[in-house]
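Worksheet: the structure to be examined is printed underneath.
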Amino acid sequence: MPIKNNKLCIFTGLPGTGKSALAEAVGRGLGIPVFAKDWLEAVLLCSKLVPAETEKQLGSIGYDLLTTLAERQLSLDQSVILDSVASTESIRNTWRDLGKKYKAERRVIECVCSNISVHRERLEQRQRNIPGWYELQWSDVEFVQSYFAPWDEERLILDSVNPVDQNILAALKYCQ
Numbered sequence: 152m153p154i155k156n157n158k159l160c161i162f163t164g165l166p167g168t169g170k171s172a173l174a175e176a177v178g179r180g181l182g183i184p185v186f187a188k189d190w191l192e193a194v195l196l197c198s199k200l201v202p203a204e205t206e207k208q209l210g211s212i213g214y215d216l217l218t219t220l221a222e223r224q225l226s227l228d229q230s231v232i233l234d235s236v237a238s239t240e241s242i243r244n245t246w247r248d249l250g251k252k253y254k255a256e257r258r259v260i261e262c263v264c265s266n267i268s269v270h271r272e273r274l275e276q277r278q279r280n281i282p283g284w285y286e287l288q289w290s291d292v293e294f295v296q297s298y299f300a301p302w303d304e305e306r307l308i309l310d311s312v313n314p315v316d317q318n319i320l321a322a323l324k325y326c327q
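In this note's numbering, the protein residues as written are 152 to 327.
Below, the structure is given as structure tokens:
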């Protein structure tokens, strides 16, 4: 019987700090599926299952879907990467409990950008090409920042002003 070594890797941070790029690079490097909240919510908007004006409901449903996908992977003794802001204690606690339930090693990677000018410029220039999803504005980042709870647990913090290859290597090492 193989040794169980499944991981629940969470990429968190404000919009535009490089979470998705790092999560996808680690997913490719380690052969772990990546589930991103924005992609799930975009499907809900395109299908008109959740109207765009009910943003709070959309966010909650997006987190429920991410949690369900993570639980499915972990129940199969497989690792999973979650890509989302994860701004509240409630979702963090849910995922902490999920990791414990399946005895998964939990790895949290918080992405930051220590230079506000660089952060803003990157956000304004990015094109993620998620069908049905909108590109965020700087005002969206400021809004999320207003309720983003500080992390109070062990995690790897990666600053997107550092070279992307350096951050990818650090994330790969941390998630192995």
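Cβ atoms here follow ideal geometry from the backbone N, Cα and C, with glycine treated the same way.
| Asked | Found |
| --- | --- |
| Contact under 8 Å by Cβ, Ser268 with Val312 | no |
| For Leu307, the three-state DSSP class (helix, strand or coil) | strand |
| Outcome for Ala308 when other beta-carbon atoms lying within 10 angstroms are tallied against a minimum of 16 | This sequence places Ile at residue 308; Ala is not what is there. Answer is exposed; the Cβ neighbour count stays below 16. |
| Continuous beta strand (DSSP E) stretch holding Cys197: start and end | That residue, Cys197, is in no beta strand (DSSP E); its alpha helix (DSSP H) goes 188-197. |
| Neighbourhood of Lys170 by C-beta, 6 Å cutoff - its chain only, sequence neighbours within 5 removed | Phe162, Gly164, Asp234, Cys262 |
| Candidates Leu173, Val177, Asn156, Trp190: closest to Glu286 by CA position | Trp190 |
| Segment contact, 8 Å Cβ cut-off, at least three pairs: the region 274-285 with the region 190-199 | yes |
| Runs of alpha helix (DSSP H) wholly within the region 266-296 (minimum 4 residues, chain order) | 267-276 |
| Where the beta strand (DSSP E) through Leu200 begins and ends | Looking at the DSSP string, Leu200 is not in any beta strand (DSSP E), and its letter there is neither H nor E. |
| Check whether Gly213 and Glu192 have beta carbons under 8 Å apart | yes |
| Nearest-angstrom Cβ-Cβ length linking Ile183 and Val231, presumed shorter than 8 Å | 6 Å |
| Proximal residues to Arg273 (C-beta, below 6 Å), its chain only, five neighbours per side dropped | Gly167 |
| In DSSP terms, what Val231 is bridged to | Leu159 |
| For Glu264, three-class secondary structure by DSSP | According to the sequence as given, residue 264 is Cys; it is not Glu. Cys264: coil per DSSP, three-state reduction. |
| Residues that DSSP places opposite Gly164 in a beta bridge | Cys262 |
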